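The structure appears right after this line, and notes come after that.
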Amino acid sequence: MSRRLPPLNALRAFEAAARHLSFTKAAEELHVTQAAVSHQIKALEEWLGLPLFRRMNRALALTEAGQNYLPPVREAMDTLSQATDRLIRADSSGTLTISTMPSFASKWLVPRLVRFQKRHPEMDVRVHSTAQVVDFARHDVDLAIRFGNGLWPDLRVERLLTEDIFPVGHPSLLSGKRPLVNPEDLRHHTLLHDDYNISWAVWCRVAGIEGVDTERGLRFDDSSFTLQAAINGHGIALARGVLVADDIAAGRLVRLFDVRLPGSLAYYVVAPQHYFSRPKVKAFYDWLFEEAGAV
187 MSRRLPPLNA LRAFEAAARH LSFTKAAEEL HVTQAAVSHQ IKALEEWLGL
237 PLFRRMNRAL ALTEAGQNYL PPVREAMDTL SQATDRLIRA DSSGTLTIST
287 MPSFASKWLV PRLVRFQKRH PEMDVRVHST AQVVDFARHD VDLAIRFGNG
337 LWPDLRVERL LTEDIFPVGH PSLLSGKRPL VNPEDLRHHT LLHDDYNISW
387 AVWCRVAGIE GVDTERGLRF DDSSFTLQAA INGHGIALAR GVLVADDIAA
437 GRLVRLFDVR LPGSLAYYVV APQHYFSRPK VKAFYDWLFE EAGAV
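Below, the structure written as structure tokens:
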């Protein structure tokens with residue numbers, strides 16, 4: 187549908203001048219010169235083919251056409267102003283949607299969210315957990331936290347957390363019939379496998395141990411499941427330090443041995459560049475990096 191609409195600036199000048207019945211006061215309100223208001227109104231009258239004002243000595247009055255035109259123009263301007271205010275308020279508060287992996291959501295982000303909510307009670311946070319890379323053009327997502335090499339074209343990418351990788355297990359594994367004292371003791375225990383870029387074979391090679399079947403054990407497709415199995419005492423997991431920091435601090439898991447692998451990947455905050463200027467996105471971004479700095 188084709189809309190026949192005059193220039194918005196001309197309508198603003200008309201509405202202000204009609205309300206004040208003064209080009210001078212309209213210019214003051216719009217922060218332009220009187221000549222600019224006069225020019226805009228003249229252009230509007232020419233566009234309409236009708237006079238809107240009667241210009242008299244030291245006085246200004248609306249023509250019949252101007253009187254008829256003012257109410258719908260004012261209503262349209264009010265509607266546009268209210269819609270703009272609602273949009274800006276929604277961008278500063280309302281729902282903030284964060285996309286991230288289920289493991290990072292459950293083991294790092296969610297336990298800390300209460301602190302963000304206390305600081306920003308005007309915002310409702312929605313955590314969209316998925317192993318897939320979110321498409322900002324197709325999904326209603328404000329910010330993503332991704333794990334990888336940081337190479338996501340056409341997006342702003344900020345490194346949030348790096349990590350190392352080491353074995354963890356339930357504290358009870360340090361005692362009992364076959365206590366875990368040395369890395370070689372792994373051959374007597376169940377290995378828990380994470381399908382996401384963590385390899386027991388690599389860790390054992392770095393630790394310099396042999397005789398451990400690195401293919402046996404339980405296998406999971408998400409790190410949070412692997413870590414929960416370790417918490418439940420079902421075996422030993424190779425863990426990312428970021429994901430087990432809280433469990434180790436709470437005594438649910440213990441770090442085993444001194445051998446660790448430096449992580450080749452990291453956690454990144456990702457979004458289109460212009461998203462970062464949104465007030466609610468900036469508030470969450472600032473809070474995220476404050477929390478990451480405390481790790």
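For what it's worth, my numbering labels the leading residue of the sequence shown as 187, then goes sequentially. We put the beta carbon where it would ideally sit given N, CA and C, even for glycine. All values derive from a computational prediction rather than experimental measurement.
Could you check whether residue 295 and residue 461 sit closer than 8 Å to each other, using their CB atoms as the reference points? Position 275 of the sequence shown, counted from the first residue, corresponds to residue 461. Position 109 of the sequence shown, counted from the first residue, corresponds to residue 295. Taking C-beta atoms as the reference points, residue 461 and residue 295 fail to come closer than 8 Å.
Select from 387, 385, 377, 418 the residue whose C-alpha is nearest the C-alpha of residue 404. Within the sequence shown, the letter at position 218 stands for residue 404. Residue 377 is the option with its Cα nearest to residue 404.
Tell me whether residue 360 is buried or exposed, calling it buried when 16 or more other Cβ atoms sit within 10 Å of its Cβ. For the purposes of this step, residue 360 is taken as the residue at position 174 of the sequence shown. Label assigned to residue 360: exposed.
Please state the DSSP three-state secondary structure of residue 192. Position 6 of the sequence shown, counting from 1, holds the residue named residue 192. Secondary structure of residue 192 (DSSP, three-state): coil.
Check whether the segment 308 to 315 and the segment 446 to 458 touch, using three or more Cβ-Cβ pairs below 8 Å as the test. Verdict: no, contact absent.
For residue 345 and residue 336, which I take to be in contact (beta-carbon distance under 8 Å), what is that distance rounded to the nearest angstrom? In the sequence shown, the residue the question calls residue 345 occupies position 159. In the sequence shown, the residue the question calls residue 336 occupies position 150. The beta-carbon separation of residue 345 and residue 336, rounded to 6 Å, stays under the 8 Å limit for a contact.
Residue range of the unbroken alpha helix (DSSP H) whose run includes residue 330: If you number the sequence shown from 1, residue 330 lands on position 144. That residue, residue 330, is in no alpha helix (DSSP H); its beta strand (DSSP E) goes 329 to 334.
State the CB to CB distance for the pair residue 333 and residue 287, rounded to an integer number of angstroms; the pair is presumed to be in contact (CB under 8 Å). Residue numbering aside, residue 333 sits at position 147 when the sequence shown is read from its first letter. Residue numbering aside, residue 287 sits at position 101 when the sequence shown is read from its first letter. Indeed they touch by this definition, with Cβ atoms about 6 Å apart.
Could you pull the start and end residues of the alpha helix (DSSP H) that residue 245 belongs to? Position 59 of the sequence shown, counted from the first residue, corresponds to residue 245. No alpha helix (DSSP H) contains residue 245, which is instead part of the beta strand (DSSP E) from 245 to 248.
Between 253, 412, 465, 440, which has its C-alpha nearest residue 207's C-alpha? The residue you call residue 207 lines up with position 21 of the sequence shown. When only C-alpha atoms are compared, the closest one is 253.
What first and last residue would you give for the alpha helix (DSSP H) that runs through residue 373? If you number the sequence shown from 1, residue 373 lands on position 187. Careful: residue 373 lies outside any alpha helix (DSSP H) and carries neither H nor E.
DSSP beta-bridge partners of residue 280: Walking along the sequence shown from the start, residue 280 turns up at place 94. Under DSSP, residue 280 shares a beta bridge with 309.
What three-state label does DSSP hand residue 206 in the structure shown? Here the question's residue 206 lines up with position 20 in the sequence shown. Looking at residue 206 - three-state DSSP - the assignment turns out to be helix.
Can you name, in chain order, every residue of its own chain whose Cβ lies under 8 Å from the Cβ of residue 303, other than the five neighbours on each side? Within the sequence shown, residue 303 is the residue found at index 117, counting from 1. Same-chain partners within the cutoff: 309, 311.
Could you check what DSSP says for residue 183 in three-state terms: helix, strand or coil? It is not possible to answer for residue 183, since the shown part of the chain is limited to 187 through 481.
So, for residue 251: in the same chain, excluding its five sequence neighbours on each side, which residues have a beta-carbon less than 8 Å away from its beta-carbon? One-based indexing of the sequence shown puts residue 251 at position 65. Its chain contains 234, 236, 237, 238 as the residues whose beta carbon lies nearer than 8 Å to that of residue 251, once the 5 sequence neighbours on both sides are disregarded; these appear in chain order.
Measure the C-alpha to C-alpha separation of residue 435 and residue 216 and round it to an integer number of angstroms. On the sequence shown, residue 435 is found 249 positions in, with the first residue counted as 1. On the sequence shown, residue 216 is found 30 positions in, with the first residue counted as 1. Separation of residue 435 and residue 216 (C-alpha to C-alpha, rounded to the nearest whole angstrom) is 59 Å.
By Cβ distance, which residues of its chain are closer than 8 Å to residue 364, with the 5 residues on each side in sequence left out? On the sequence shown, position 178 is the one that residue 364 refers to. If the five residues before and after residue 364 are omitted, its C-beta is found closer than 8 Å to the C-beta atoms of 371, 374, 375, all from its own chain and listed in chain order.
Identify the continuous alpha helix (DSSP H) that holds residue 234 and give its terminal residues. Counting from one through the sequence shown, the residue named residue 234 turns up at place 48. Bounds of the alpha helix (DSSP H) holding residue 234 are 220 to 234.
Count the other CB atoms, across all protein chains shown, that sit within 10 Å of the CB of residue 193; report buried if there are 16 or more and exposed otherwise. Here residue 193 is taken as the residue at index 7 of the sequence shown, counted from 1. Around the beta carbon of residue 193, a 10 Å sphere encloses fewer than 16 other beta carbons of the protein chains shown; the residue is thus reported as exposed.
Please identify the residue among 423, 408, 202, 385 whose C-alpha is closest to the C-alpha of residue 356. Translated into positions along the sequence shown, residue 356 becomes position 170. Across the set 423, 408, 202, 385, the C-alpha of 423 shows the shortest separation from the C-alpha of residue 356.
Distance, residue 454 Cα to residue 421 Cα: As a working mapping, residue 421 is identified with position 235 in the sequence shown. As a working mapping, residue 454 is identified with position 268 in the sequence shown. A direct Cα-to-Cα measurement between residue 421 and residue 454 gives close to 30 Å.
Same chain only: Cβ atoms within 8 Å of residue 432, ignoring 5 sequence neighbours per side: For the purposes of this step, residue 432 is taken as residue 246 along the sequence shown, with counting starting at 1. The answer, listed in chain order, is 293, 294, 297.
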